[in-house]
Every structure is written in C-alpha cells, then in structure tokens.
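See structure below.
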Amino acid sequence: MAAKLTIYEMKTENAVNPLGVGSILPLFGWKLASDRRAQRQTGFRILVDRDEDRLSRDAGECWDSGKVASDETLQIRYAGKPLASCCRYYWKVMVWDGDDEASEWSATTWFETGLLQPEDWQAEWIGGHTGRSPLTGASWAWHSLDLPAETPARTVHFRKAFRVPAGKTIRQAFFHGTGGSPFTVFVNGSTIAKLNTRWKQDWTSPFVFIDFTAKLSEGDNCFSWIVDHAASSEAGIIGKFEIGYDDGSMETISTDDSWRVSDSAEPSWMLAGHDDTAWTFAQTIASYGDAPWGPVSRRGAAPLIRKEFAITKAVKSARLHIACLGYFEAHLNGKRIGDGLLQPDYTQFPKRTYGIAFDNTQLLEQGLNCVAIELGRGHYAYGKDWIGDNFSLPDPATGTIEPKVLAQLRIEYEDGAIETVATDGSWRTTEGPTVDDNIWYGDKYDARLQRPGWRLAGYADDDWKAVSRMAAYEGNIETAFVPPIRVVETIPCAYLANPAPNVYVYDAGLVTTGWARLAVSAPRGTSIKLIYGEMLRENGRLDIWKDGYDHQFWENAQEDVYIAEGKGVETWEPKFSYKGFRYIQIESAVKPISIEARVFHNDLQTIGSFESSNGLFNRIHWTMKNTMLNNFHSIPTDTPFHEKRGWTGDGQVIAECASMNFDMSAFFAKWTQDIADSQQPTGEVAHTCPGPFLYLTATPAWMSAYLIVPWTLYEYYGDKETLRKHYDGMKRYMQYELNRLKDGVSSDDSYADWAVPGPFIGPEGGTLLATAYVCYSCSLMSQIAGVLEKAEDRAYYADAESRLAKVINEKFYDRDSAEYHTEIDAGYRQTSNVLPVALGITPEAEIGRVVDRLARDIMESKDGHLDTGCFGTKYLAPVLTEYGKGDVAFTVAAQETFPGWGYCLATGGTTFWESWEAKTRSVDHYFLGTIDDWFFKHLAGIKTLSDGYKTSVIKPYVLGDMTFASGHIESVRGRIGSSWKMTADGLVHEVTVPVNTTSIVYVPKAGTGILTESGIAAEAAEGVEIVGEDLGYWTLRVDSGHYRFACR
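Each residue of the sequence shown is one higher than the last, beginning at 0 in numbering that gives the first Met the number 0.
What follows is the structure, given as structure tokens:
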C-alpha cells in the first residue's frame, strides 16, 4: 500500500533552493499531501549533508535529527555541525503519520550559504566620481535696487529675452539653477521650477536637468525669475538655460549682468515682447563655487564601474555576492546578472542593508571576462529632499553621500582551487549616460554619452579613472529572501491624442506601476520627455499636479527624459526610478514609434482566489489585488505616484487581506525589521518605515503595526521566529503606550480615523481610536506571550487589556443609546462603534445593541452606505455579518453610489483611491479596499484560528441574492478551500482542509436540513464529527481532506 503522506515544497529560510543563506542556523519547512482523509504528522527525521551522493544513501554527515516526535512542519531549526560559508548543503526529510507509518524520503533539495561572517568579505566598498555639476561655469547674479527688508518679502523680477536663430530647430532645452531666497522660474510665462519652501527646500538643493523644450517657440522667447528680496549673504540667483539645436550646436544662457531686473512688473513682463528698457541691469556678484554658496550641487550622474579578469581553467561554480547602498544593475560579459529591478531592497540604511548572491557559472568564459556595475541613487543617496535630510551619513573617505557597492565574485575551479575577484581600488569608473536619477523625479538619460561595449572584456577604459575607495559600512549586511521586483507584464499603450503641438498622450488602459519602454527614431540630441500620471484634464493633457492639493515635491515628479543618439530606431527604458500611472504624456518634437508600460512590483506568489455569483464583488476583489501589487516595491507603500512611503497605518490594515491573496511571509518579515529599525530608545516607532524619522508623534493606530504585522505573520504563516526576534522591541513599544495613558485614556497627536467620507479626517478626533488600538495591542501582546510561553507577560498584558476595556466603556460608551462617542460632539460615528466590537472591547451583553444601532445608522441615516475611514472600513462588514446584520453588510458592499467600492468602479476606477471621493490626490491607495477580507473570511468563509491554519474555521454566509461563492488559499500547510453553491433542492458546500490540520466547518442549512457528505450521511463520513447545529448551520469538526457536503 502506498504511503499515506507525501512531502512537497521543501523550503530553507522560507525559500526553495536559496543562494546566499546568511543564517548559521537556518530554518526548514515542508508541506504534506495525501489522497486519504484525516492524515497527520507525528514525527520527522531530517538529514543534511554536503555530499548529494552520500545523502542518497540516507546518511547525514552534517546533521541527522533522528526521529523527532512532532507534528511541526514549519521553521524547524538546523541543529547540526557548524555551517561553512559559500557551501552547498543537501537535505531531505521523512515523516511519520498518525499510525506511526513512515513516509518515503522526500526529494532532495539544497541551500547554499553565503558569507556568514563579516571577515568573509574580502571586497572593499567602492563608488564612482560625481564631481561634475551642470552649474559649473555659471555666475551668481543679483540686483542693485534700493529695497527695504520687509515682511512679507518684496519680490524682485528678473528677465532675459532670447531669440532662436533663424534656420535652427530646437532639439532640447534644460534648466539648472537655484537661488538664495524663494524663487520661481518661468519660460514664456510657464513655470518650470519653484523653490518649495512649504516643504523646506532651500538654495542648497539646486534644480538640475529640468527639461523645458516644449515651453520654447520659434523666434522670440523669454526667461524670467520672481525672487523674494533678501538681505542675507546667500541672496542671489544662479542658473543655466541650455539649448541644443538640430545642427548639433549648443547655446547656454546664464544668469549674469545682461539680465534686466525690476521690483515691479506689468502682467506681460514674462513674455518676450514686453518692453523692459526702463528696467535696470542685474549685477554679477560671484562665480559658481564661490563663497558663501560653495560648489552647490544636487545629484551626480550614475557611475559605471568595471573590472576585467582572466579565466584559464575549467570552472565548477561561480557566485557573485553583492551589497549596495543605492541601487545596482550588474552584468558579466555583457549579460545581465539576475532579473530583479531596484535592488537591493529599501531599508533603514544606518542599521542594515541586504546582500544578494547570484549564480554566474554559465556566464563565465575562458580568457578575459568583465564584471560591470552601474549604480543608482535609490533611497540612499538622494541627498536632501521633501522627506527630510537623508539619514545616510557622508562617506568619511569622500565627504559625500554617493551610491557605493561591495562585490566579490567567488570562482571555484574543477581542480578545487578558489579565486575571488573583489571590488577594490583597481576597478575603473566613469560617469554614465544616466545623468540624473531620483526615486521620485525619474531618470534623465543622454544616449549620446553611452559607452558601447563597456560591459565587455577588451573595452578600452584608458580615459576612465580609478574608483573612489569608500569607507566601510557600519550597518549589518544581511540576507532576506523577499521575492525581487520583476517585470510581470508589458502593456502596449494606446495613442490617445495630440492635445498641443509636440505633446502626445498614451493610455496603458489601467492604473499601474513601473515605467515606460520608449521606441523612437529621432535626430541626434532630440529630447523626449515622458511624464507619468493617473488622470487627464479636460483639455486632454495630464493632470500631474491635481488641482487643489499641496504637493511636497521639490521638482516635477515622475518625469523621465531621453536624449536621442540619432542612430535609427532607439529603444530605452529607465533603471533607477518607478512611477504610478495610467497615462504617459510625451513632450518632444518627434512622436514615438511606440510606448509600452513595463509593469513591475515584488514578484509575490498569488496564493488566494475568490469568485462569486456577484459580478461587482469579483471586480472589487480584482481591483484590490491590483491596487496592493501596485504598492509592493520592497515595502508596502501608500501610493506609487506620490510619497512611495511605508505608512504603518496603511500597512497594518491590509496585512490580513494581503496575506490571504499573496505569499507575504518574507515581505512582511522584512518590513517588520524596518519598523523595528525605526524604534526610538523610549519605545515609539515611526509612522513611515523605513526612512527618516519625520513622524514620531504618538499615534497608536499606526505604530501598533509593530505588533499587528508580526501577529499576522504568525496567524497566516505560522511564523513564530518573527515574534521571538522582535518580542523585546514589542514590549518596549507597549511600555511606551502604557506610560502615555492619562486616566487610562490614550491620545493621537497626529491623526484620527483616516479618509472618512467628507472631512477626510474623522471629526470625532483620535482619543477613542488610539485607546482602542492600545487595548487591542495589549490583547495581541498577551497572545504573543502565550505563543512564546511567557506566562507572566501573558497575564500582565491580559490585565492591561481588561483595564483599558473597562475605561473605554466607562468613558466613551452611552448605555442608554448604545453608542460610543468621544469628547468631541461629532454626532454618531460608525468607526467609533465598529472598533470596540471588532477589537473585543464591548461587553458581550451590549454587542447586540451596539450593532443594531450601527445598522440603523447605515440604513436610515446613511441610506445604506458606510461612513468610515480606513480603520473602521476594515471591520465594518465583518462586525455586521458576525452579529446578525449580514444583510446590511451586503447592502453596503453592493452599493454603486457614493461612498463605496462600487462607486469607484462605476466612475472608471481600476484601482482604489486615497479617499472615497472621485477628486482625490492618489487613485492608487489600498487601505480602503479591505472589504476583500470579508470576501474571503465571510462569503467564502475561510478563517485561520492559529499558527498558519493549523486550526481553522470555515463558515460561509449566504447573503443577498448570491447563489455561490468560492475561495481558496495555498497556505503554508497546503490548500484550504471553501466553495458553496445554491441548488434546486438546497446547497452544496465543498471544503478542503490541509493535511496535518483540522477545521471547524459550518455548513449552511438549506432545503429540508438533511446533511450528507459525498452521498452518505455526514455522521458516517470519514474525518467528520458533528458537534452541533442551530437554525442556520450544521457545525462539524473536520480532519484533513476534501469533502462535499450537501444540505437538502
């Protein structure tokens, strides 16, 4: 008879056959399958060996666990001989079932260790030389007007008329510049640059490579500045306007004493035809680099770095280990190494970065070889910006903050010899054709500066320089097997319109994330500007700034620029930035041949599916998945268009939803570390992680992500290690919150329920929200302590939860009206009444009354609509459904008028928005789409009870006019599924329970109420125990297997 259990999907450190494992005690895991019901594991034996042949003979020289009595299949820690760096280890496992019958050995799998000790790195940190500034050669100019210092400051007007020479056609035009006081720069009356003092931009951050080609016209033109008069020593303006023509010539107009200046101006003063003869001349006051400004610069070009080496004998294996501060793209002999984008992952750089290992065996050649690396700035080397000072510290070796790389290629030959090619001072560098890159502002690429063949051996790099030898990195270099960002789809964009001369608009068909791939044939030096956006104005052009919103950016966001080489059809796509967009606006004298949207995000495995008889619900589910994926770029971002920040409140509300749809186990474990790295000595964590600590004011609904996300990892993936790793940090955070309580009440110093219909910020304030989340956090800490067998802590936090719940009910609950209110008279607020029920705060005897009152508000006061922000929205439908108001939940979910998910889709949305209103800053925000939780957990009815679905509940609710719903999740223990369908004489409910788990299954009653399983009485079915029934359900205890229940 065949073995009852088979083993599949074996993982080491949560990855299949991983390279570069950084742990000296890695974790093993596997899944079990069986064609028989009620199967469980009672023991296992693991063998580990460096010799695959020896392992095949059932020997484990490195580790033989022996038979271990355990039903665990996750996070089994290696306990054998010490592991060596850069070695491959093979392993396999055998398990025993409930009858103590052994399985066959699993297939053999493997893992390779990386550089386990810091001293294993033989390489040096190196970087390029980015000394060139586009402002070199320019002059500082100012006025000699006799103006008093006033508040507000008087404005001064500078202008310079300019004529395009007859017979010449403009191919490109760029502005570089800054000013010592607030200023705005115009070309022919159109703004091209403005100092964003609202977000703390100053003269130390000049504008560079601002493409204004489309602002120029034939004949006469005008450049102009409006500048605040200032008496400071930094007062002045410096700028270069560079114009390239079709004949290859360049013309540069710089600020100097030929400009005209006035302290007053008529409306036409910014236009070429204005008479400025009465204006005085400006004064040249200094040259670029002079004091007090010095050699002010913004960002340098992306450095190219290369090294040649020889191979003279047969190669057995080759591994490139690379760590980078910034982004890298690496090649070996002209072939791309890996397919990941924007690597490495964004981290809290002072604390840690992640190294990556690549198998390069097949890329090496006999004779000369070449490793080539291009570096981008990423989140590490953007300098200063709206986000605040970068926490990256100037490199002591250079005095600058520039991208740098640490790399070593380990080559093992067939004769056993080892050779290492490591970054050091012998590598060569030059500035590359990516003349500027920024994560928010895009890539600027000059194809005329390309270095053909630089990635290949034999290239002449005599004009290159030795690299900059950079200081050692003080943080940790670790490994994290988060699925890399990859291109997952390429969408041909449809040409929409030519709304203005030299302006072409393309449509990707949906809101997405990535960048464009451009194909163009253009004369040499032609500028092609690509602007990415989510909305169009009535005139057909992009609504890039979205009227009515304060924008934090210091430059024009989401703009790529490509300058053509002029050699036939040229194809290009960026490397070091990404954009959120649907539309792409091209500004150029040449119309592209084609535009494609290259869609990318972390290549997360889709593990969940949902489908129902309700077409709207299916569309909502698809839209939520799309919205989440658009925001997964090494962290869960709030929006790919604007901030690209890891807001903790946003991330925690979608943690469950994401974990049911995708394998988030590595992604969320990494982000938990980012949160931990933001923690302050007093216990608080940042509102956005990773990143500069701009936001540290108390806000429990956001900061509690430090508990909610790890707990989600445990519930959905059985991840106890993340709980263990961060337990002390979570305790420090909890003590911070408990110490802040005043008379048992918490506070929110920044927010409230976020994104409510109408006012956006909940008018009830943040006290109840904050206190409820602190209470919930105590509940989670008590449960976490229980999982980790810390009995004293478990009791402590349970007591704190009880005390907080009592305070909330005493201070905020009105028993007469069955309503929760804050100290602010804001009327009835749905979130204030949803959260206490959802988070276990409302006394059991009062829950029915509170939910009844909530349902009346929805149906009578709000005409069947919600009135919640992101925190209340997550729990609204579940609370209604679980406490007898599923019909109201269905009504809310099915609305197609404002506010609701259907309204978003009815108005053309392909993603969910930052607010319920159609006019909103971002149309790619996931935090309001958590109705998808309800689809999985209530319509399909799948819920984990503990430890990665080790135990579960399957309880679907048959609501509204629905005739079927189906969901499944490929859990860490195997597939769990629930699918029900109404039939002519009742209901059929199919259930799948993974091997080695159990589930409490509620089968909805229908027809006469007789229950069968696969055609026989349910009580006689193998693996089924009837444990109860009521008017609505049969309640069953079900062991593993697939079941087909029918109620007729």
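C-beta: ideal position from N, C-alpha, C; glycine also. Keep in mind it's a predicted model, so treat the numbers as computed, not measured.
Checklist entry - For the 8 Å Cβ check, are there 3 or more pairs between the segment 735-751 and the segment 838-847? => result no
Checklist entry - Between the segment 649-660 and the segment 624-641, are three or more C-beta pairs nearer than 8 Å? => result yes
Next on the checklist: To the nearest angstrom, how far is the alpha carbon of G474 from that of T150?
Outcome noted: Residue numbering aside, residue 474 sits at position 475 when the sequence shown is read from its first letter. Residue numbering aside, residue 150 sits at position 151 when the sequence shown is read from its first letter. Cα to Cα, the separation comes out at about 46 Å.
Checklist entry - What separation, rounded to the nearest whole angstrom, lies between the Cα atoms of A668 and E100? => result What you label residue 668 is simply residue 669 of the sequence shown in a count that begins at 1. What you label residue 100 is simply residue 101 of the sequence shown in a count that begins at 1. The alpha-carbon atoms of A668 and E100 are separated by roughly 36 Å.
Item to check | Pairwise C-alpha distance: H820 and G337 | outcome: Against the sequence shown, residue 337 aligns to sequence position 338. Against the sequence shown, residue 820 aligns to sequence position 821. G337 and H820: Cα-Cα distance of roughly 55 Å.
Item to check | Closest by C-alpha distance to R427, when choosing among T154, F308, V560 and A465 | outcome: In the sequence shown, residue 427 corresponds to position 428, counting from 1. That would be A465, whose Cα lies nearest to the Cα of R427.
Next on the checklist: If contacts are defined as beta-carbon pairs under 8 Å, then W915 and L927 qualify, I think. What distance do you get, rounded to the angstrom?
Outcome noted: If you number the sequence shown from 1, residue 915 lands on position 916. If you number the sequence shown from 1, residue 927 lands on position 928. Yes, W915 and L927 are in contact; Cβ-Cβ is about 7 Å, under 8 Å.
Next on the checklist: Using CA atoms only, rank isn't needed, just tell me which of K574, C777, L448 and H1041 is closest to V486.
Outcome noted: In the sequence shown, counting from the first residue as 1, residue 486 sits at position 487. Looking at the Cα atoms, K574 is the closest of the given residues.
Checklist entry - Thinking C-beta only, is R972 closer than 7 Å to G940? => result Within the sequence shown, residue 940 is the residue found at index 941, counting from 1. Within the sequence shown, residue 972 is the residue found at index 973, counting from 1. For G940 and R972, no; Cβs fall outside 7 Å.
Checklist entry - Using CA coordinates, which residue listed in L722, F811, P758 and A563 is at the minimum distance from Q782? => result Here residue 782 is taken as the residue at index 783 of the sequence shown, counted from 1. Among L722, F811, P758 and A563, the Cα nearest to that of Q782 belongs to L722.
Checklist entry - Cβ of R409 within 7 Å of Cβ of R318? => result Here the question's residue 409 lines up with position 410 in the sequence shown. Here the question's residue 318 lines up with position 319 in the sequence shown. A contact, by the Cβ cut-off of 7 Å.
Item to check | Terminal residues of the alpha helix (DSSP H) in which V404 lies | outcome: Along the sequence shown, one-based indexing puts residue 404 at 405. Per DSSP, V404 belongs to no alpha helix (DSSP H); it is in the beta strand (DSSP E), K403 to Y412.
Checklist entry - What residues in its chain sit with their C-beta under 7 Å from that of D813, if we drop five residues either side in the sequence? => result Position 814 of the sequence shown, counted from the start, is the residue given in the question as residue 813. Result list for D813: H820, in chain order.
Checklist entry - Is the Cβ of E233 closer than 7 Å to any Cβ of chain B? => result No chain B appears in this structure, which consists of one protein chain only.
Checklist entry - Which stretch, first to last residue, makes up the alpha helix (DSSP H) that contains E881? => result Here residue 881 refers to the residue found at position 882 of the sequence shown. Counting along the chain, the alpha helix (DSSP H) containing E881 begins and ends at C869 to E881.
Item to check | Buried or exposed (CB count within 10 angstroms, at least 16 for buried), G325 | outcome: In the sequence shown, counting from the first residue as 1, residue 325 sits at position 326. It counts as buried.
Item to check | Per-residue burial, S576 [other beta carbons within 10 Å of its own, 16 or more giving buried] | outcome: Here residue 576 is taken as the residue at index 577 of the sequence shown, counted from 1. Buried is the call here.
Item to check | Where K805 falls: helix, strand or coil (DSSP) | outcome: Numbered from 1 along the sequence shown, position 806 holds the residue referred to as residue 805. Correct three-state label for K805: helix.
Checklist entry - Mind checking T311: buried by the 16 CB within 10 Å criterion, or exposed? => result For the purposes of this step, residue 311 is taken as residue 312 along the sequence shown, with counting starting at 1. Classification of T311: exposed, given that the 10 Å Cβ count is below 16.
Checklist entry - CB T283 to CB D255, shorter than 7 Å? => result In the sequence shown, residue 283 corresponds to position 284, counting from 1. In the sequence shown, residue 255 corresponds to position 256, counting from 1. Their beta carbons are under 7 Å apart, which means T283 touches D255 by this criterion.
Item to check | Classification of K741 by the beta-carbon crowding that lies within 10 angstroms, buried from 16 upward | outcome: On the sequence shown, residue 741 is found 742 positions in, with the first residue counted as 1. The residue is exposed, with fewer than 16 neighbouring Cβ atoms inside 10 Å.
Item to check | Neighbourhood of V850 by C-beta distance below 8 Å, restricted to the same chain and skipping five residues each side | outcome: Within the sequence shown, the letter at position 851 stands for residue 850. Closer than 8 Å at Cβ, skipping near neighbours: V836, V878, L879, Y882, G883 and K884.
Checklist entry - From this set, R468, V560 and A790, which residue's C-alpha is nearest A396's C-alpha? => result As a first step, residue 396 is located in the sequence shown; it is residue number 397 there, counting from the start. Of R468, V560 and A790, the residue nearest in Cα terms is R468.
Checklist entry - Taking the beta strand (DSSP E) that C221 falls in, what are its first and last residues? => result Taking the sequence shown and counting its residues from 1, one reaches residue 221 at position 222. From DSSP, the beta strand (DSSP E) with C221 extends over D219 to D227.
Item to check | 8 Å contact criterion, which E588 and T511 should meet: CB distance rounded | outcome: Stepping through the sequence shown from its first residue, residue 588 is reached at position 589. Stepping through the sequence shown from its first residue, residue 511 is reached at position 512. With the sequence shown as reference, residue 588 is identified as Ala, and Glu is not the correct amino acid for it. Not confirmed; about 28 Å, so no contact.
Item to check | Classification of I592 by the beta-carbon crowding that lies within 10 angstroms, buried from 16 upward | outcome: Reading the sequence shown from its first residue, position 593 is the one you call residue 592. Its Cβ having fewer than 16 others within 10 Å, I592 is exposed.
Next on the checklist: Quick check on V568: buried or exposed, where buried means 16 or more other Cβ atoms within 10 Å of its Cβ?
Outcome noted: On the sequence shown, position 569 is the one that residue 568 refers to. The residue is exposed, with fewer than 16 neighbouring Cβ atoms inside 10 Å.
Checklist entry - Going straight from the alpha carbon of S526 to that of G579, what length do you get? => result By one-based count along the sequence shown, residue 526 stands at place 527. By one-based count along the sequence shown, residue 579 stands at place 580. The straight-line gap from Cα to Cα measures roughly 22 Å.
Item to check | Under the three-state DSSP convention, the category H620 falls into | outcome: Counted from its first residue, the sequence shown places residue 620 at position 621. Reduced to three states, the DSSP call for H620 is helix.
Checklist entry - Mind checking whether V1026 and V1037 have CB atoms under 7 Å apart? => result Position 1027 of the sequence shown, counted from the start, is the residue given in the question as residue 1026. Position 1038 of the sequence shown, counted from the start, is the residue given in the question as residue 1037. In this structure, V1037 does not lie closer than 7 Å to V1026 by Cβ.
Next on the checklist: So the candidates are R53, T41 and N359; which of them puts its Cα closest to the Cα of G97?
Outcome noted: Against the sequence shown, residue 97 aligns to sequence position 98. Checking every option, the nearest Cα to that of G97 belongs to T41.
Checklist entry - Across which residues does DSSP place I1056 in a beta bridge pair? => result In this structure the chain extends from 0 to 1047, so residue 1056 is not present and cannot be described.
Item to check | Residues near D818 by beta carbon distance below 7 Å, same chain, minus five either side | outcome: As a working mapping, residue 818 is identified with position 819 in the sequence shown. It is Glu, not Asp, that sits at residue 818 in the sequence shown. Only Y827, N832 and R852 meet the Cβ criterion.
Item to check | DSSP three-state assignment for E51, whether helix, strand or coil | outcome: Counting from one through the sequence shown, the residue named residue 51 turns up at place 52. E51 falls in the helix class under three-state DSSP.
Item to check | N- and C-terminal bounds of the beta strand (DSSP E) containing S520 | outcome: As a first step, residue 520 is located in the sequence shown; it is residue number 521 there, counting from the start. Here the beta strand (DSSP E) through S520 covers V502 to S520.
Checklist entry - With 16 as the cutoff for other CB atoms within 10 Å, does Y505 come out buried or exposed? => result What you label residue 505 is simply residue 506 of the sequence shown in a count that begins at 1. So Y505 ends up on the buried side.
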